Amino acid sequence: DAGITQSPRYKITETGRQVTLMCHQTWSHSYMFWYRQDLGHGLRLIYYSAAADITDKGEVPDGYVVSRSKTENFPLTLESATRSQTSVYFCASSESGGTPYEQYFGPGTRLTVT
Amino acid sequence: AQSVAQPEDQVNVAEGNPLTVKCTYSVSGNPYLFWYVQYPNRGLQFLLKYITGDNLVKGSYGFEAEFNKSQTSFHLKKPSALVSDSALYFCAVRPRHRMDSSYKLIFGSGTRLLVRP
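Residue numbers (the working numbering), protein chains in the order written: chain B, 2 to 115; chain W, 1001 to 1117.
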């Protein structure tokens, strides 16, 4: 199906474990983003990518790692999960260019770290 | 620091009444402005955006937003609310700096809209 998908939708993991959240988009958008959503904070940018092999930190990057070997995929890895990383994670993508294109969001992954 | 403020955690309106969800921003220059809506257990959906021109922008589902440069505000409005409009609404801003081509959005904390029958 066309669009932006995330997997898994729900994940429970233990403190200290490594976990990877997947994001896949079918539009060939240049830009991709990872956000976390927490009560009272809205959405905060973790990492973003302007193109394959180009990534940069957002507002809250500590404890996270990203890669983008292919345009359509943008996985987010928590190297050693902590309880403070319990959150809902959203991936988004956007076209690039002079026009300020909107971002398209995936359905989210609800991560619980116990 | 650049920021977006949504001063109301929740807005309650009766169905059929007009609604307003407020947003102000503190971002230098003339940023691009966006509204998104989030329904339960779903990702954010784009509603509308302001780039330039007319201060009143029309978007999806009958929503519109009014840009006020002097007040640095971008309030979301709808003339007649529906129960199905009940959701979480986010205002977002993208700086318009030539040196910043990151396309990053700065989000407000969100406002929950509750439309009662």
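Note that CB positions come from ideal geometry on N, CA and C, so glycine has one too. Since we're looking at a predicted model, the values are computed, not measured.
Legend entry - Closer than 8 Å to chain W by CB, Leu-22 of chain B: The residue given as residue 22 of chain B occupies position 21 in the first sequence. Not one chain W Cβ lies under 8 Å of Leu-22 of chain B.
Inset, instruction - Quick one: grab the DSSP three-state call for Tyr-1103 of chain W. - result: Along the second sequence, read from residue 1 onward, the residue named residue 1103 of chain W stands at position 103. If DSSP states are grouped into helix, strand and coil, Tyr-1103 of chain W belongs with coil.
Legend entry - Anticipated Cβ contact below 8 Å, Asn-1055 of chain W with Phe-1063 of chain W, distance rounded: Here residue 1055 of chain W is taken as the residue at index 55 of the second sequence, counted from 1. Here residue 1063 of chain W is taken as the residue at index 63 of the second sequence, counted from 1. Not a contact, Cβ separation roughly 15 Å.
Legend entry - 8 Å Cβ cutoff met for Tyr-49 of chain B and Met-33 of chain B: Here the question's residue 49 of chain B lines up with position 48 in the first sequence. Here the question's residue 33 of chain B lines up with position 32 in the first sequence. Result yes, Cβ atoms of Tyr-49 of chain B and Met-33 of chain B sit closer than 8 Å.
Inset, instruction - Indicate the three-state DSSP secondary structure (helix, strand or coil) for Tyr-102 of chain B in the structure shown. - result: The residue labelled residue 102 of chain B in the question sits at position 101 within the first sequence. It is coil, neither helix nor strand.
Inset, instruction - Determine the direct distance from the alpha carbon of Glu-15 of chain B to that of Ala-1081 of chain W, and round the result to whole angstroms. - result: Position 81 of the second sequence, counting from 1, holds the residue named residue 1081 of chain W. Position 14 of the first sequence, counting from 1, holds the residue named residue 15 of chain B. When rounded, the distance between both Cα atoms is 44 Å.
Legend entry - Identity of the residues DSSP links to His-1075 of chain W by a beta bridge: Residue 1075 of chain W sits at position 75 when you count from the first residue of the second sequence. Per DSSP, W:Glu-1066.
Inset, instruction - With DSSP as the reference, label Arg-69 of chain B as helix, strand or coil. - result: Counting from one through the first sequence, the residue named residue 69 of chain B turns up at place 68. In the structure shown, Arg-69 of chain B sits in coil (DSSP, three-state: anything other than H, G, I, E or B).
Legend entry - Beta-carbon proximity check, Lys-1078 of chain W vs Pro-1018 of chain W, cutoff 8 Å: Here residue 1078 of chain W is taken as the residue at index 78 of the second sequence, counted from 1. Here residue 1018 of chain W is taken as the residue at index 18 of the second sequence, counted from 1. Yes, Cβ-Cβ distance for Lys-1078 of chain W and Pro-1018 of chain W is below 8 Å.
Legend entry - Neighbour flag for Tyr-11 of chain B against chain W, beta carbons, 8 Å: Here the question's residue 11 of chain B lines up with position 10 in the first sequence. Closer than 8 Å: no.
Legend entry - Against chain B: residues of the stretch 1033-1052 of chain W by CB proximity under 7 Å: Phe-1034, Arg-1042, Gly-1043, Leu-1044, Phe-1046, Lys-1049 and Ile-1051
Inset, instruction - Would you please verify whether the beta carbon of Arg-1094 of chain W is less than 8 Å from any beta carbon of chain B? - result: The residue labelled residue 1094 of chain W in the question sits at position 94 within the second sequence. Cβ-Cβ to chain B under 8 Å: yes for Arg-1094 of chain W.
Inset, instruction - Grab the span of the beta strand (DSSP E) containing Ala-82 of chain B for me, first residue to last. - result: Along the first sequence, read from residue 1 onward, the residue named residue 82 of chain B stands at position 81. Unbroken run through Ala-82 of chain B: none, as it is neither H nor E.
Legend entry - Bridge partners - Ala-93 of chain B, DSSP secondary structure assignment: Within the first sequence, residue 93 of chain B is the residue found at index 92, counting from 1. In the DSSP output, where bridge partners are listed per residue, Ala-93 of chain B has B:Phe-34 and B:Phe-106.
Inset, instruction - With a 10 Å radius around its C-beta and 16 neighbouring C-beta atoms as the bar for buried, classify Tyr-1025 of chain W as buried or exposed. - result: Counting from one through the second sequence, the residue named residue 1025 of chain W turns up at place 25. Per the 10 Å Cβ criterion, buried.
Inset, instruction - Could you tell me which chain W residues have their CB closer than 8 Å to the CB of Leu-77 of chain B, listed as they occur along the chain? - result: Position 76 of the first sequence holds residue 77 of chain B. In chain order: nothing, as chain W lies at least about 15 Å away.
Inset, instruction - Return the Cβ separation of Phe-1074 of chain W and Leu-1033 of chain W in integer angstroms, given the expectation that the two are a contact with Cβ distance under 8 Å. - result: The residue given as residue 1074 of chain W occupies position 74 in the second sequence. The residue given as residue 1033 of chain W occupies position 33 in the second sequence. That pair is a contact at about 4 Å.
Legend entry - Below-8 Å beta-carbon distance, Phe-1074 of chain W vs any chain B residue: Numbered from its first residue, the second sequence carries residue 1074 of chain W at position 74. Chain B contact via Cβ: absent.
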